[in-house]
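>
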Amino acid sequence: MSTRPAVVVDDVSKRFRLYRERNQSLKAALMRGRRAVVEEFWALQDVSFEVPEGSTFGLVGENGSGKSTLMKCMARILQPDRGSVRVNGKVSALLELGAGFHPELSGRENVFLNGSILGLGQKELAAKFDEIVEFAGLGQFIDQPVKNYSNGMYVRLGFSVAINVDPDVLLVDEVLAVGDEAFQRKCNEKFADLKAAGKTIVLVSHNLSAVHNLCDRAAWLEHGVLKMIAPARQIVDEYMSTVQIDRVEDVETGGNRWGSGEGRIEKVELLGPSGEPASKVRTGDPVTIRIHYCMDEPIPRPVFGLAIHTLDGTHVTGPNTRDTESVPDKLEGEGHVDLRIDPIRLLPGTYDITASLYDYACLHPYDFRHHVLRFDVDPGEPHESYGVVSLGGSWRVPGVDPAA
Amino acid sequence: MTTLTEYRSTSELLGNLTLRELRSKYKRSALGWAWSLLNPLATLLIFSLVFRFFMRVQLPPSETSGLQNYALFLSCGLLPWNYFTNSVSGSIGTLVGNANLIKKTYFPRELLVFSNVASWNVSLLIEMGILLLVFLAFGNMVLPWIPALLVLIVLLTLFVAGLSLIFSVLNVFFRDVQHLVGIVFQAWLYLTPVIYPITLIPESHVLFGVDLPLRRIWELNPMARFVGAFRDVLYDLRWPELNDIGYLALVSVATFFIGLTVFNRLSGRLAEEL
Ligand SMILES: Nc1ncnc2c1ncn2[C@@H]1O[C@H](COP(=O)(O)OP(=O)(O)OP(=O)(O)O)[C@@H](O)[C@H]1O
Ligand SMILES: [Mg+2]
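Line order of the protein sequences matches chains P and D. Here the working numbering is used: the first residue of the first sequence is 796, the next is one more, and so on. Here the working numbering is used: the first residue of the second sequence is 40, the next is one more, and so on.
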């Protein structure tokens, strides 16, 4: 494969005008006269990079960082105010699937219309028509007006047409999150095919594991400025750890608390490898979760419990002192109990800790503190891409030295 | 090579967009295509009643063809006029109406305007075909004049496309254009000799002591000349005057290129302004 770049983004800046009162009337224009009440806003500033031919390139960044704007500049939908974008070969942009569909027209009519908007000739379209319908999995619905389609069907047809344009460069902006499981799998296969066929793909996604898996290289945009360009894995790691750095100590006010209160959980701390309280640790670090208690009266056989949840509510683990039979006869006054975890096998992400103090029968709550502490896990060792925990397994593969 | 394939796919896209206009225009109406004929027919009927029978517009017999029929006289002006106003008003909304397409896909934007004009052009050709048959039935041998008629339609289309380009893109920046043009068209109809013969306008008129060549001024209006020329060819069966044709060719080509220039100047910002 040649090293000729498929896309050259050369010092691109894009400015938007923000009208203070968005009043597109002649009166407004005359009233404000020559001195227009517009603010300027630079959505992209001096962005330069090259996408090598045949590679898959990711674009990451927060909401509003200019990813879509950059994609539209590559697709010639927007014209940069400074700089230029050069694309070698035919571009197809998947910015919104089925954007050109006319609701009253049938799927068949729309395939031909949308196909020719995307640059396919009538002959090619006729030749590929069956394949397009087949891929979209629409069957007899193809002759129904598209306004009667479900969202998924609409998107599938849109994707099917766009992907069959047979582009040299495919621009994909966050459109693959729709469609059911089976269709997503088909899409991923199609991407793999395109990749194997030496096509160039530029992908915008907030799904970092997709960027990590699909992309060779990636760029990171921040407020319209190119912050970093590197191999995809490196970008994903850096991006993840920076995005989460502004974490506030805990979410005390956000959590719920209940219980009779004779004994209380005053504070929960996460101690990092150095033994200092931390809000962020790495996969594989030795850590300690410390529960500070305060008993107003002697509590017989108290049971301490912890739970760790992911942000989407998955209960990752729930150790307690009763299960391990580490329950004292009674506790009074102030003190703390520790849960040592070495190493912590949580994979990168954000987690919430819930702590509880119960009687031995676990029927009477003295204090229950829901989501008392939130912390982040950054990439460490082992480095795994999927799931929430690593089981710490090791591979034995013929021809690979396990010690290496 | 690439320009050739590009040209082909552009013209195919224009064809497809025009088909879309035509298909969606009468989709889900019981009479469908018949509406495109019933509409001008109804206007024709109403105008004939009002102006021929109530207002009693006097129409002398044609010097060259001897024909004296108000409905036919009116048709010659009304069909081009309808084509003109329908295309321009339709085009004004077309960019705003296709905002989603413009913001999410790339293709030459002027095709949206052209496809709208082309769809009305198809209606005009069908109406003209029927009108030719009617003229034949009334004994006007219009067949030899068809080439001249086609030349006029081409010129009118250039004029219409030019104005459509200008107004459609201006409307994206100032939405008032739509309403403004609606009013202008109402007045313009009566300033154009569609429902009355140009001979109704005096050669000159004294206003505040100044002798105005009123007829000459009237004829500055390109639509007045267009209507006159269509009438010459179909109703009177004679060649339009050479200066008419020259004037129309000049105005049409100029309007078209001004339209293209304005459109290209502003169309780069369509995706962000919509
Ligand atoms: N047509 C427009 N007019 C004015 N401002 C715009 C326009 N389009 C985008 N912007 C602004 O430009 C900035 C970048 O937008 P863009 O859509 O490129 O962000 P993004 O990185 O794709 O974000 P997301 O992750 O939410 O998709 C935003 O602040 C947005 O408000
Ligand atoms: Mg975006």
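Even for Gly, the Cβ is constructed at its ideal location relative to N, Cα and C. Since this is a predicted model, take the numbers as computed values, not measurements.
Examine chain D for any beta-carbon lying closer than 7 Å to the beta-carbon of Val1046 of chain P, and answer yes or no.
By 1-based counting over the first sequence, the position of residue 1046 of chain P is 251. Caution applies to Val1046 of chain P, whose pLDDT of 40 falls short of 50 and renders its modelled position unreliable; the value that the coordinates give is listed next. No, because no Cβ of chain D sits closer than 7 Å to the Cβ of Val1046 of chain P.
> Should His1110 of chain P be labelled buried (16 or more other beta-carbon atoms within 10 Å of its own) or exposed?
Against the first sequence, residue 1110 of chain P aligns to sequence position 315. The residue is exposed, with fewer than 16 neighbouring Cβ atoms inside 10 Å.
> Do you know how far the Cα of Arg1085 of chain P is from the Cα of Gly934 of chain P?
Along the first sequence, one-based indexing puts residue 934 of chain P at 139. Along the first sequence, one-based indexing puts residue 1085 of chain P at 290. If I take the Cα positions, the gap works out to 60 Å.
> On a CA-only basis, which of D:Gly307, D:Thr49, D:Arg59 and D:Ile131 is nearest Asp215 of chain D? Give me that one, please.
Locating residue 215 of chain D in the second sequence gives position 176, where the first residue counts as 1. Of D:Gly307, D:Thr49, D:Arg59 and D:Ile131, the residue nearest in Cα terms is D:Ile131.
> Indicate, with yes or no, if ligand 1 has a heavy atom lying under 6 Å from the CB of Glu311 of chain D.
For the purposes of this step, residue 311 of chain D is taken as the residue at position 272 of the second sequence. Yes.
> From what residue to what residue does the alpha helix (DSSP H) around Gly1067 of chain P run?
Locating residue 1067 of chain P in the first sequence gives position 272, where the first residue counts as 1. That residue, Gly1067 of chain P, is in no alpha helix (DSSP H); it is neither H nor E in DSSP.
> State the Cα-Cα distance for the pair Asn959 of chain P and Ile1103 of chain P, rounded to the nearest angstrom.
Sequence index remark: in the first sequence, residue 959 of chain P carries index 164 (1-based). Sequence index remark: in the first sequence, residue 1103 of chain P carries index 308 (1-based). Roughly 46 Å between the two C-alpha positions.
> In angstroms, rounded to a whole number, what distance separates the CA positions of His1131 of chain P and Leu1186 of chain P?
Taking the first sequence and counting its residues from 1, one reaches residue 1131 of chain P at position 336. Taking the first sequence and counting its residues from 1, one reaches residue 1186 of chain P at position 391. Taking the straight line from one Cα to the other gives about 29 Å.
> Check Ser808 of chain P in the structure and name its three-state DSSP category.
Working through the first sequence from its first residue, we reach residue 808 of chain P at position 13. Reduced to three states, the DSSP call for Ser808 of chain P is strand.
> Are the stretch 150-162 of chain D and the stretch 82-101 of chain D in contact at 8 Å, needing three or more beta carbon pairs?
As far as the Cβ criterion goes, the stretch 150-162 of chain D does not touch the stretch 82-101 of chain D, which means the pair count is below three.
> Excluding the five sequence neighbours on either side, which residues of its own chain have a C-beta within less than 7 Å of the C-beta of Phe844 of chain P, listed in chain order?
Your numbering for residue 844 of chain P matches position 49 in the first sequence. Val804, Ala1014, Leu1021 and Ile1024, listed in sequence order.
> Run down chain P in chain order and give the residues with a C-beta less than 7 Å from the C-beta of Leu52 of chain D.
Mapped onto the second sequence, residue 52 of chain D falls at position 13. Simply Ser911 and Ile912.
> Which same chain residues end up closer than 8 Å to Pro1026 of chain P when comparing Cβ atoms and leaving out the 5 residues on each side of it in sequence?
Counting from 1 along the first sequence, the entry for residue 1026 of chain P is found at position 231. Counting only Cβ-Cβ distances below 8 Å, and skipping sequence neighbours, we find Asp1011, Arg1012 and Ala1013.
> In the structure shown, what three-state DSSP assignment does Val1158 of chain P receive?
By 1-based counting over the first sequence, the position of residue 1158 of chain P is 363. The sequence as given places Leu at residue 1158 of chain P; Val does not occur at that position. In this structure, Leu1158 of chain P counts as coil in the three-state DSSP scheme.
> May I ask you to list, following chain order, the residues of the stretch 887-908 of chain P that have a beta carbon less than 8 Å from some beta carbon of chain B?
Although the question refers to chain B, the structure presented lacks it and instead comprises the protein chains P and D.
> Since I believe Tyr1155 of chain P is in contact with Val1098 of chain P (beta carbons under 8 Å), could you give me their beta-carbon distance rounded to a whole number of angstroms?
Here residue 1098 of chain P refers to the residue found at position 303 when the first sequence is read from its first residue. Here residue 1155 of chain P refers to the residue found at position 360 when the first sequence is read from its first residue. With a Cβ gap of about 6 Å, Val1098 of chain P and Tyr1155 of chain P count as contacting.
> Considering only the alpha carbon of each residue, which of P:Leu1106, P:Thr1149 and P:Ile937 lies closest to Phe896 of chain P?
Translated into positions along the first sequence, residue 896 of chain P becomes position 101. Nearest option by C-alpha distance: P:Ile937.
> Output the boundary residues of the beta strand (DSSP E) element that contains Ala1150 of chain P.
On the first sequence, residue 1150 of chain P is found 355 positions in, with the first residue counted as 1. From DSSP, the beta strand (DSSP E) with Ala1150 of chain P extends over Gly1144 to Tyr1153.
> Taking one C-beta from the stretch 118-136 of chain D and one from the stretch 199-211 of chain D each time, how about it: are there three or more such pairs within less than 8 Å?
Contact between the stretch 118-136 of chain D and the stretch 199-211 of chain D is present, because at least three Cβ pairs lie under 8 Å.
> With 8 Å as the C-beta to C-beta threshold (strictly closer), list the residues of the stretch 220-232 of chain D near chain P in chain order.
Listed in sequence order: no entries.
> At 4 residues or longer, and completely inside the stretch 907-939 of chain P: list those alpha helix (DSSP H) runs for me, N to C.
Within the stretch 907-939 of chain P, the complete alpha helix (DSSP H) runs of at least 4 residues are 917-931.
> Closer than 8 Å between beta carbons: that is the criterion. Which residues of the stretch 917-945 of chain P meet it against chain D?
Per Cβ criterion, the list reads Gln917.
> Relative to the C-alpha of His218 of chain D, which residue among D:Ser128, D:Leu76, D:Thr57 and D:Asn108 is closest?
Here residue 218 of chain D refers to the residue found at position 179 of the second sequence. Considering only alpha carbons, the answer is D:Ser128.
> Give the interface partners of Ala801 of chain P over in chain D, defined as CB-CB distance under 7 Å, in chain order.
To locate residue 801 of chain P, count along the first sequence from 1; it is residue 6. Residues of chain D passing the Cβ test: none, with the nearest at roughly 17 Å.
> Could you please go through the chain and list the residues whose beta-carbon is closer than 5 Å to any non-hydrogen atom of ligand 1?
After applying the 5 Å Cβ criterion, the set is P:Phe811, P:Ala838, P:Asn858, P:Gly859, P:Ser860, P:Gly861, P:Lys862, P:Ser863, P:Thr864 and D:Glu311.
> Where does Met866 of chain P sit, in a helix, a strand or coil, going by DSSP?
Mapped onto the first sequence, residue 866 of chain P falls at position 71. Here Met866 of chain P sits in helix by DSSP.
> At which residue ranges does the stretch 973-1058 of chain P contain complete beta strand (DSSP E) runs of 3 or more residues, listed in the order of the chain?
995-999, 1012-1017 and 1020-1026, all fully within the stretch 973-1058 of chain P.
> Roughly how far, in whole angstroms, is the beta-carbon of Ala888 of chain P from the beta-carbon of Gly1019 of chain P, given that I think they are within contact range, below 8 Å?
For the purposes of this step, residue 888 of chain P is identified with residue 93 of the first sequence, where counting begins at 1. For the purposes of this step, residue 1019 of chain P is identified with residue 224 of the first sequence, where counting begins at 1. Going by Cβ atoms, the distance from Ala888 of chain P to Gly1019 of chain P rounds to 20 Å, so no, they are not a contact pair.
> In whole angstroms, what is the alpha-carbon distance linking Gly1049 of chain P and Gly914 of chain P?
If you number the first sequence from 1, residue 1049 of chain P lands on position 254. If you number the first sequence from 1, residue 914 of chain P lands on position 119. Low confidence applies to Gly1049 of chain P: its pLDDT is 47, below 50, so where it sits in the model is not reliable enough to give any reading.
> Counting only runs of 3+ residues fully inside the stretch 1095-1152 of chain P, write out the beta strand (DSSP E) ranges in chain order.
1098-1105, 1110-1112 and 1125-1136, all fully within the stretch 1095-1152 of chain P.
> State the Cα-Cα distance for the pair Pro1197 of chain P and Leu1016 of chain P, rounded to the nearest angstrom.
In the first sequence, counting from the first residue as 1, residue 1197 of chain P sits at position 402. In the first sequence, counting from the first residue as 1, residue 1016 of chain P sits at position 221. Distance between the alpha carbons of Pro1197 of chain P and Leu1016 of chain P: 38 Å.
> Ignore the nearest five residues each way along the sequence and tell me which others in Pro261 of chain D's own chain have a CB closer than 7 Å to its CB.
Residue 261 of chain D sits at position 222 when you count from the first residue of the second sequence. Taken in chain order, the residues that qualify are Phe198, Leu287 and Val290.
> To which residues does DSSP link Leu84 of chain D through a beta bridge?
To locate residue 84 of chain D, count along the second sequence from 1; it is residue 45. Per DSSP, none; premise fails for Leu84 of chain D.
> Cβ closer than 7 Å: which chain P residues qualify as neighbours of Glu311 of chain D?
Counting from one through the second sequence, the residue named residue 311 of chain D turns up at place 272. Within chain P, the residues near Glu311 of chain D are Phe811 and Leu873.
> Taking 8 Å as the cut-off, does the stretch 135-151 of chain D touch the stretch 233-242 of chain D (at least 3 CB pairs, one atom from each stretch)?
The stretch 233-242 of chain D is not in contact with the stretch 135-151 of chain D.
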